[in-house]
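Residue numbers (the working numbering), protein chains in the order written: chain X, 58 to 405; chain H, 58 to 405; chain U, 58 to 405; chain S, 58 to 405. For each residue, glycine too, the CB sits at the ideal point set by N, CA and C. For reference, the structure is listed below as structure tokens.
Protein chains: 4
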Amino acid sequence: MITDKIRVGIIGATGYAGVELVRLLLSHPNVSLTAISSTSFEGQAITDIYPNLFGSCSLKLCSADEVPPLCDVVFAALPHGLSEPLAEKCAAVNALLVDLGADFRLTDEKEYTEWYGKTYEYPELHKGAVYALPEIYRDAIKQAAVIGNPGCYPTTVALGLMPALRGGFIETDGIIIDSKSGVTGAGRSLTQNTHYPDANEAFAAYKAGAHRHTPEIEQTLSDLAGKPVKVTFVPHLLPVNRGIESSIYARLKLGADFDTIYAAYENAYRDEYFVRVQPKGEYANIKNVRMSNFCDISLHIDKRTSTLIVCSCIDNMVKGAAGQAIQNMNLRLGLDERTGLTALPSAF
Amino acid sequence: MITDKIRVGIIGATGYAGVELVRLLLSHPNVSLTAISSTSFEGQAITDIYPNLFGSCSLKLCSADEVPPLCDVVFAALPHGLSEPLAEKCAAVNALLVDLGADFRLTDEKEYTEWYGKTYEYPELHKGAVYALPEIYRDAIKQAAVIGNPGCYPTTVALGLMPALRGGFIETDGIIIDSKSGVTGAGRSLTQNTHYPDANEAFAAYKAGAHRHTPEIEQTLSDLAGKPVKVTFVPHLLPVNRGIESSIYARLKLGADFDTIYAAYENAYRDEYFVRVQPKGEYANIKNVRMSNFCDISLHIDKRTSTLIVCSCIDNMVKGAAGQAIQNMNLRLGLDERTGLTALPSAF
Amino acid sequence: MITDKIRVGIIGATGYAGVELVRLLLSHPNVSLTAISSTSFEGQAITDIYPNLFGSCSLKLCSADEVPPLCDVVFAALPHGLSEPLAEKCAAVNALLVDLGADFRLTDEKEYTEWYGKTYEYPELHKGAVYALPEIYRDAIKQAAVIGNPGCYPTTVALGLMPALRGGFIETDGIIIDSKSGVTGAGRSLTQNTHYPDANEAFAAYKAGAHRHTPEIEQTLSDLAGKPVKVTFVPHLLPVNRGIESSIYARLKLGADFDTIYAAYENAYRDEYFVRVQPKGEYANIKNVRMSNFCDISLHIDKRTSTLIVCSCIDNMVKGAAGQAIQNMNLRLGLDERTGLTALPSAF
Amino acid sequence: MITDKIRVGIIGATGYAGVELVRLLLSHPNVSLTAISSTSFEGQAITDIYPNLFGSCSLKLCSADEVPPLCDVVFAALPHGLSEPLAEKCAAVNALLVDLGADFRLTDEKEYTEWYGKTYEYPELHKGAVYALPEIYRDAIKQAAVIGNPGCYPTTVALGLMPALRGGFIETDGIIIDSKSGVTGAGRSLTQNTHYPDANEAFAAYKAGAHRHTPEIEQTLSDLAGKPVKVTFVPHLLPVNRGIESSIYARLKLGADFDTIYAAYENAYRDEYFVRVQPKGEYANIKNVRMSNFCDISLHIDKRTSTLIVCSCIDNMVKGAAGQAIQNMNLRLGLDERTGLTALPSAF
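Below, the structure is given as structure tokens:
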């Protein structure tokens with residue numbers, strides 16, 4: 058078969074990030090979904106596991122090894138440690154790897170070892186890898202050999218603090234990040250705390266100060282600040298399907314005023330289609346970004362305590378995973394980065 | 058400005074059906090959204106009321122009268138009684154009216170009077186009006202002078218029973234329809250029973266045997282059966298945002314067997330993109346059609362009581378309102394009826 | 058330790074019915090919770106599994122065999138087939154068995170075999186067993202050797218139709234029961250369709266015409282009607298934690314009028330504390346019975362089709378399981394049947 | 058009628074705090090609910106508005122003025138500014154006022170004026186008023202002339218930080234409080250952001266740094282610290298009916314270690330029935346306190362940033378309003394403070 062479309066494949070297509078990639082890529086005008094793999098469901102039709110796709114996708118799930126040779130771009134949504142060898146295989150067949158896992162996010166191997174308990178097996182590969190948050194690292198992404206797609210929580214934080222750090226408006230110590238994620242963030246695997254009667258009408262923190270997204274957050278904030286930044290990061294499980302809200306607290310530097318900061322955010326994101334700085338007085342809400350690749354940011358100041366409060370919201374499955382991965386692919390391939398990502402969030 | 062795009066407008070754009078039309082039409086490749094009106098919010102930007110559209114729509118809300126002259130197609134989502142005079146105005150400027158209200162659904166004025174307490178003020182207009190359920194009345198829709206877009210519940214029932222009635226597999230008396238609708242079906246207006254603490258973790262029937270969709274359901278079933286059909290219809294309020302499930306019960310005629318009926322459904326809907334007959338043994342679920350124009354139908358038989366059970370699911374805001382309206386516009390204008398309606402339902 | 062309190066134990070205390078028994082029995086003024094068992098968590102404190110009880114219960118989970126000798130009353134919440142041998146052991150130590158499983162519900166062994174695939178191993182035990190729906194079989198319960206606590210769905214149906222059948226107001230064929238249950242009805246075990254992202258914002262039927270509560274429903278309705286009754290029963294999974302609503306449809310006999318039927322219901326339940334016939338025009342709603350042992354019933358008539366519609370609501374974990382079991386124990390032991398069951402449902 | 062029971066009344070009985078008081082007081086063994094008032098529904102039966110109470114309460118709603126003369130204790134759940142004149146009336150008839158509003162919480166009139174825009178009309182009354190958080194001010198409550206029942210958010214914060222402040226483990230500046238409240242916290246009045254489709258699957262902050270509970274929080278923390286404390290307080294609306302979780306962040310003083318702090322919390326709350334310090338490693342969750350008067354507290358430390366993280370959970374309608382009010386009445390009247398508050402939280 059001859060086609061002008063870009064041949065894309067997904068490894069780990071039955072996980073939540075994977076099937077969201079399937080859904081979005083099936084509507085992407087420039088790609089053809091060529092191969093999808095799953096360890097758990099190899100040999101089955103994807104529609105057997107996900108009947109929402111019934112009639113829209115006739116692919117069967119193959120093994121991971123079958124994917125790279127059939128593709129120009131391979132998306133991988135795998136547990137950490139599995140993407141490095143995969144990157145080798147992709148390189149061998151000249152396929153671009155967009156990795157949604159953690160293997161290519163941290164530039165400092167020591168951090169990776171500390172938080173993930175592993176070392177880099179293929180150090181060479183990491184030299185061409187880029188931490189792919191488009192609104193911050195767009196130019197590097199366009200040249201990347203391997204795309205390390207950011208984590209969901211870190212996306213809210215990096216976009217939420219970028220103008221404040223670049224503008225030098227806040228102290229870089231003592232930053233508090235209180236994040237809340239919808240249950241899809243915990244994935245498709247069955248666990249007690251994601252059992253409906255356990256998660257519904259419930260709310261609690263988890264992994265306070267110990268979540269693996271911490272070093273990734275600190276890496277980007279340190280880069281933006283030009284010096285090491287450590288943060289306190291506490292995620293919570295929110296009884297909704299989709300959405301992350303991060304409320305970020307930072308001490309204002311002396312003399313920093315709200316209007317100047319607000320103008321800096323507007324300026325930083327004026328040309329960014331996917332980042333929407335909310336009008337003054339409004340609050341970013343996860344419902345306004347559902348099913349979309351938008352990141353909504355609202356700014357607030359507590360004058361009594363000289364604290365900047367940033368509320369940053371994304372759909373964890375789109376801007377926090379599959380959507381941002383497609384945005385990165387678009388960038389890397391020279392397409393308009395919005396391609397395939399123009400469906401608007403619904404009001405309800 | 059010169060444009061080849063079809064100019065479309067929405068009257069009642071801040072109601073739930075209206076804003077869903079805004080969302081979907083903004084992504085429709087062949088149309089340009091020209092004018093949107095609202096009685097409550099005239100003069101304001103739509104994004105003031107619906108921040109999900111922030112950055113995607115710069116239109117201000119005008120008055121209803123301003124819309125028709127600016128449009129080739131006018132969608133109206135209004136309380137009953139208001140669409141008849143509007144149809145006159147649309148006709149005067151040669152704009153096609155797609156009416157999402159009840160004024161152009163019932164062919165028998167007596168039924169309209171009995172259930173809505175009004176008479177037809179412009180009887181001539183009704184001659185060119187078509188009850189626009191595409192999978193049943195496609196040919197007529199292509200010629201319609203006015204499009205009467207079906208109600209949400211009736212869509213599930215008509216599609217759920219069409220092959221059974223045409224095939225003569227079921228008795229036409231004693232049909233029971235037990236429907237459940239998400240809360241958006243009750244609209245944007247604030248009411249006690251749609252207040253979050255009242256609706257959440259709650260479930261109850263309402264308007265048992267007395268809902269205004271009853272005559273519309275019976276009109277289509279009677280037409281399909283070739284004789285008068287009366288039904289028992291009981292809707293319930295379901296604690297979800299979107300989705301209708303109708304469980305429909307009908308006594309099987311002697312000799313009707315499951316495989317024959319199933320084959321008749323498959324046959325009837327083989328070429329219908331938006332109707333998906335589920336594999337045997339599966340159950341139609343509202344979650345598989347969310348945000349899409351699909352109607353999922355599953356078939357079941359209780360042999361012990363010779364009863365056919367049809368489960369029919371739609372997204373009440375899409376196939377039950379805005380999506381079907383766009384499908385009808387597409388049909389009437391000679392476009393592929395799927396245009397602008399290809400976003401796939403998500404798995405979660 | 059000497060105590061005048063009734064010593065009660067629970068076998069299967071970490072399942073949902075079991076832990077609901079723990080919660081309610083800890084507040085019961087006449088009992089002392091003596092022993093609780095669990096196969097999965099033997100040796101652990103119950104508060105390790107259920108932190109809601111933290112500080113309120115210091116019991117450790119033991120093995121099932123340890124329970125009967127320590128108790129005057131044993132509640133068992135076990136998979137079918139396990140309660141028969143347990144009844145033997147309880148009889149041996151003179152402990153009353155209140156069985157929340159299915160083993161002692163069906164009087165006709167053939168029905169048990171057909172729906173559960175097993176035979177009765179201890180036929181003698183069934184002679185003294187009573188199907189323990191207090192509002193229908195109160196006198197027999199007071200003498201029962203073994204208490205067979207009804208299923209959740211059957212409780213809504215039997216109470217919902219009792220006055221109509223006893224009064225001869227409805228035809229006994231063609232009864233349709235469309236039931237919806239909160240997710241706790243599916244129990245504590247992890248399954249894909251009770252995974253939060255699968256169950257939330259979802260709704261579907263399951264086991265249409267094939268649910269094991271069908272013979273139990275038919276047994277009681279047949280007894281009430283004085284002749285064999287077969288029903289069409291279709292349950293649905295409802296995205297709430299607790300609650301069952303059954304909408305029941307029956308054809309009216311000629312001449313049956315609403316006021317007479319309503320009076321019959323009022324009369325039948327006037328002295329029943331736990332059954333609340335709703336005012337005319339109101340609809341029974343699961344939210345009004347949450348956390349209580351009430352069954353709310355509302356009555357409606359579709360005159361156009363001569364159909365009686367009964368909406369019957371309970372909390373599936375209380376009146377549908379643990380609460381009714383305690384009501385039965387109270388009755389059997391000569392206590393006021395409301396003892397320990399007086400907490401009122403909350404408004405939200 | 059002669060009765061030994063305490064005669065209690067509720068002013069504002071149809072608001073959410075009011076009807077929760079009705080529910081709990083109806084089950085309180087030492088009181089008799091004598092009079093309930095409502096401005097909106099005067100003359101109607103409470104069960105017309107709250108059918109959950111159907112059959113359990115035959116009271117009609119009267120006017121506010123009728124209540125005090127009929128009562129030994131008056132609970133008032135009113136908008137601010139209305140409780141001062143009421144306190145006068147209660148004093149005149151020797152009835153104890155338990156005020157759930159804001160009028161008697163702040164000892165510094167300047168704070169009241171700054172945040173509520175009013176002055177104290179009856180300064181004398183405030184001298185005998187006590188800010189009634191039992192676990193902190195128990196002795197004073199026993200002597201109070203007027204009981205100022207704490208706000209919901211402040212209860213979580215005061216209990217969450219009391220041992221840390223008394224023990225001097227944390228810096229008193231820079232405290233961040235990120236709170237999340239269920240929708241009942243917004244009350245019964247209909248608003249757009251508590252409309253089900255707006256609140257469901259949504260999450261956002263509101264009134265960042267500007268919520269009226271701020272001065273109340275600071276008043277108690279300052280008292281505990283022995284010096285002025287200012288905090289950053291940001292509430293969020295959580296899509297559940299009931300529950301508040303506050304995640305509180307404070308910088309550790311040099312040398313403060315987790316085990317010492319944990320022991321201080323255990324020690325502080327060892328004899329407090331309603332405060333449950335969670336085992337190390339566990340997280341306080343709103344689901345474990347639902348429908349109860351418990352406050353669950355979990356402690357966590359981020360060593361990397363020397364930050365103490367306290368998660369504090371209550372049911373906003375019980376410990377955050379009606380339950381704590383009853384606890385205070387019990388204390389003031391010399392009853393066991395747990396009376397009427399022993400219903401255990403359910404697991405789901």
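Contact belief for residue i with residue j at Cβ below 8 Å, rounded distance in angstroms
| i | j | result |
| --- | --- | --- |
| residue 233(U) | residue 306(U) | 4 Å |
| residue 118(H) | residue 100(H) | 7 Å |
| residue 347(U) | residue 292(U) | No, residue 347(U) and residue 292(U) are not in contact; Cβ-Cβ is about 19 Å, not under 8 Å. |
| residue 186(H) | residue 202(H) | 7 Å |
| residue 190(H) | residue 145(H) | Actually they do not touch by this definition, with Cβ atoms about 25 Å apart. |
Sub-8 Å separation of residue i and residue j beta-carbons
| i | j | result |
| --- | --- | --- |
| residue 278(H) | residue 286(H) | yes |
| residue 241(S) | residue 299(S) | yes |
| residue 149(X) | residue 220(X) | no |
| residue 65(X) | residue 156(X) | no |
| residue 133(U) | residue 204(U) | no |
| residue 136(H) | residue 158(H) | yes |
| residue 85(U) | residue 383(U) | yes |
| residue 227(H) | residue 82(H) | no |
| residue 253(H) | residue 252(S) | yes |
Cutoff 7 Å; reference residue i; Cβ partners in own chain excluding five residues on either side
| i | result |
| --- | --- |
| residue 340(X) | 355 and 368 |
| residue 197(H) | 187 |
Residue environment, residue i, which counts as buried when at least 16 other CB atoms sit within 10 Å
| i | result |
| --- | --- |
| residue 311(U) | exposed |
| residue 302(X) | buried |
| residue 362(H) | buried |
| residue 179(H) | exposed |
| residue 162(X) | buried |
| residue 225(H) | exposed |
| residue 237(X) | buried |
| residue 160(U) | buried |
| residue 184(H) | exposed |
| residue 255(S) | buried |
Residues near residue i in its chain [Cβ-Cβ closer than 8 Å; skip 5 each side]
| i | result |
| --- | --- |
| residue 267(U) | none |
| residue 329(H) | 192 |
Under 9 Å by beta carbon: chain H residues contacting residue i
| i | result |
| --- | --- |
| residue 257(S) | 240, 253, 256, 257, 296, 297 and 298 |
Neighbouring residues, chain H, relative to residue i (Cβ below 8 Å)
| i | result |
| --- | --- |
| residue 249(S) | 247 |
Chain S residues whose Cβ lies nearer than 8 Å to that of residue i
| i | result |
| --- | --- |
| residue 270(X) | Chain S residues near residue 270(X): none, gap ~14 Å exceeds 8 Å. |
Chain-ordered neighbours of residue i on chain X, where CB pairs are closer than 8 Å
| i | result |
| --- | --- |
| residue 431(H) | Outside the modelled stretch of chain H, which goes from 58 to 405, sits residue 431(H), for which no answer is possible. |
| residue 333(H) | 111 and 112 |
| residue 345(H) | 108, 109 and 111 |
Contact set between residue i and chain H, taken where Cβ atoms lie within less than 7 Å
| i | result |
| --- | --- |
| residue 400(X) | 84 and 400 |
| residue 289(U) | 306, 359, 362 and 364 |
Where residue i meets chain S, residues with beta-carbon distance less than 7 Å
| i | result |
| --- | --- |
| residue 107(U) | 404 |
Neighbourhood of residue i by C-beta, 6 Å cutoff - its chain only, sequence neighbours within 5 removed
| i | result |
| --- | --- |
| residue 235(H) | 291 and 304 |
Closer than 7 Å at the beta carbon, the chain U residues around residue i
| i | result |
| --- | --- |
| residue 235(H) | 235 and 304 |
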